[in-house]
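Engineer: In this note's numbering, the protein residues as written are 670 to 973. One structure, as structure tokens, below. Some questions next.
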């Protein structure tokens, strides 16, 4: 069992952490502003990746709808669970917002997609991409609402959703796909270049943040976020998958994506909406460092 777990880690998770290690070296020895780096990712690269994925998707609308419903159910349940636990943990609204945000935003892009590709192959990866798109839509709508509600009214928080480039990338991607629009070649190639860069940029940013995080802060709140992300999330995801009777391929894609550590995007949200950035960065770092254990075990179980 231990040997199998080590092999799973080396083959499927190790390569991603090697790239993150390069990001760590960049963050440790070069003067890189992770916040500005993250804002470029937030406003440029992520919209390009989402647009291309939606515009070129070959999965049927029915299957897309089911996978989106599955992810939306997961985010809804996790929001309620996290809100309840956060209220028990702290009376500070901003700290509660941080716990909720980290609970509903798994790192489906820069960790989820390459890990699933290595561990399960093309069929599961195709479903994982759709779940990533669903998660991105939910992160940049519900996630943005939750993040901005930390210091804003509900109405102000809702208005922030319509200022996010990814929202418009989702709409444009659907239009191009449904109407079978052919983009001009220079536009198509430009979008492809930015989309192809997104996941490596995310992994490098993760490494930079690991290097610049310093000591972990707010350990009690961070432990709550890690527990929600790496322990509670897989159990809830498995329950949802069984209730909705997902086939084995979709189940593997969904449960894996739902079980990823806290998304790098949450640190960008923290910067954009003036949350407790130390708390959220610490949650990203801690959940990422512990995730090889939980993800290796999960891969081994799902493969069997």
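Even for Gly, the Cβ is constructed at its ideal location relative to N, Cα and C.
Kindly provide the ranges of any alpha helix (DSSP H) runs that are 4 or more residues long and lie completely inside the region 722 to 776, ordered along the chain.
Structural biologist: Secondary structure remark: continuous alpha helix (DSSP H) runs of at least 4 residues inside the region 722 to 776, in chain order: 730 to 758, 762 to 773.
Engineer: May I have a chain-ordered list of the alpha helix (DSSP H) segments no shorter than 4 residues that lie completely inside the region 872 to 943?
Structural biologist: The qualifying runs are 888 to 896, 902 to 912, 917 to 927, 934 to 941.
Engineer: Are the CB atoms of residue 934 and residue 808 within a distance shorter than 8 Å?
Structural biologist: Within the chain shown, numbered from 1, the residue matching residue 808 stands at position 139. Within the chain shown, numbered from 1, the residue matching residue 934 stands at position 265. Here residue 808 is near residue 934, since their CB atoms are less than 8 Å apart.
Engineer: Have a look at residue 931 and residue 957 and give me their C-alpha separation to the nearest angstrom.
Structural biologist: Numbered from its first residue, the chain shown carries residue 931 at position 262. Numbered from its first residue, the chain shown carries residue 957 at position 288. So the two alpha carbons sit approximately 7 Å from each other.
Engineer: Which residues in the same chain have their Cβ closer than 7 Å to the Cβ of residue 966, if we skip the five residues on either side of it in sequence?
Structural biologist: In the chain shown, the residue the question calls residue 966 occupies position 297. 674, listed in sequence order.
Engineer: Drop a sphere of 10 angstroms on the beta-carbon of residue 796, count the other beta-carbons inside from all chains shown, and report buried for 16 or more, exposed for fewer.
Structural biologist: The sequence position of residue 796 within the chain shown is 127, counting from 1. Classification of residue 796: buried, given that the 10 Å Cβ count is 16 or more.
Engineer: Pairing CB atoms from the region 920 to 931 with CB atoms from the region 947 to 962, are three or more of them under 8 Å?
Structural biologist: yes
Engineer: Can residue 715 and residue 867 be called in contact, C-beta distance under 8 Å?
Structural biologist: Against the chain shown, residue 715 aligns to sequence position 46. Against the chain shown, residue 867 aligns to sequence position 198. Against a cut-off of 8 Å, the Cβ pair of residue 867 and residue 715 comes out as a contact.
Engineer: Please report the distance separating the alpha-carbon of residue 862 from that of residue 721.
Structural biologist: Your numbering for residue 862 matches position 193 in the chain shown. Your numbering for residue 721 matches position 52 in the chain shown. For residue 862 and residue 721, the distance between alpha carbons rounds to 10 Å.
Engineer: Could you compute how far the alpha carbon of residue 853 sits from the alpha carbon of residue 723?
Structural biologist: The residue you call residue 853 lines up with position 184 of the chain shown. The residue you call residue 723 lines up with position 54 of the chain shown. Those two C-alpha atoms are separated by around 17 Å.
Engineer: Counting only the same chain and skipping the five closest in sequence on each side, list residues whose C-beta sits under 8 Å from that of residue 748.
Structural biologist: Taking the chain shown and counting its residues from 1, one reaches residue 748 at position 79. So the list reads 769, 772, 773, 811, 815, once near-sequence residues are dropped.
Engineer: When you compare only the Cα positions, how much space is there between residue 802 and residue 745?
Structural biologist: Counted from its first residue, the chain shown places residue 802 at position 133. Counted from its first residue, the chain shown places residue 745 at position 76. Residue 802 and residue 745: Cα-Cα distance of roughly 16 Å.
Engineer: Measuring CB atoms only, is the region 872 to 883 touching the region 696 to 714, in the sense that at least three cross pairs come out at less than 8 Å?
Structural biologist: Yes, they touch.
Engineer: In this structure, how does DSSP classify residue 783 when only helix, strand and coil are distinguished?
Structural biologist: The count along the chain shown starts at 1 and reaches residue 783 at position 114. The answer is helix: DSSP assigns residue 783 an H, G or I state.
Engineer: Assuming the contact rule is C-beta atoms closer than 8 Å, residue 685 and residue 775 should be a hit. Round their C-beta distance to whole Å, please.
Structural biologist: Start at 1 with the first residue of the chain shown, and residue 685 comes out as number 16. Start at 1 with the first residue of the chain shown, and residue 775 comes out as number 106. Actually they do not touch by this definition, with Cβ atoms about 15 Å apart.
Engineer: I'd like the span of the alpha helix (DSSP H) that includes residue 695, first residue to last.
Structural biologist: Numbered from 1 along the chain shown, position 26 holds the residue referred to as residue 695. Residues 683 to 698.
Engineer: Can you give me the start and stop residues for the alpha helix (DSSP H) that residue 971 sits inside?
Structural biologist: Looking up residue 971 in the chain shown gives position 302. Its alpha helix (DSSP H) spans residues 946 to 972.
Engineer: Tell me where the alpha helix (DSSP H) around residue 805 begins and ends.
Structural biologist: Here residue 805 is taken as the residue at index 136 of the chain shown, counted from 1. Residues 791 to 807.
Engineer: Report all residues from its chain with a CB closer than 8 Å to the CB of residue 750; omit the five preceding and five following residues, and keep chain order.
Structural biologist: Working through the chain shown from its first residue, we reach residue 750 at position 81. Around residue 750: 772, 897, 901, 905.
Engineer: Measuring straight from C-alpha to C-alpha, what distance separates residue 681 and residue 964?
Structural biologist: Here residue 681 refers to the residue found at position 12 when the chain shown is read from its first residue. Here residue 964 refers to the residue found at position 295 when the chain shown is read from its first residue. If I take the Cα positions, the gap works out to 10 Å.
Engineer: In three-state terms, what does DSSP make of residue 867?
Structural biologist: Within the chain shown, residue 867 is the residue found at index 198, counting from 1. Reduced to three states, the DSSP call for residue 867 is helix.
Engineer: Roughly how many angstroms lie between the CA atoms of residue 912 and residue 922, to the nearest whole one?
Structural biologist: Working through the chain shown from its first residue, we reach residue 912 at position 243. Working through the chain shown from its first residue, we reach residue 922 at position 253. Whole-angstrom Cα-Cα distance: 16 Å.
Engineer: DSSP state of residue 862, grouped into three classes?
Structural biologist: Looking up residue 862 in the chain shown gives position 193. If DSSP states are grouped into helix, strand and coil, residue 862 belongs with the helices.
Engineer: Do residue 804 and residue 926 have their C-beta atoms within less than 8 Å of each other?
Structural biologist: On the chain shown, residue 804 is found 135 positions in, with the first residue counted as 1. On the chain shown, residue 926 is found 257 positions in, with the first residue counted as 1. Cβ atoms of residue 804 and residue 926: closer than 8 Å.
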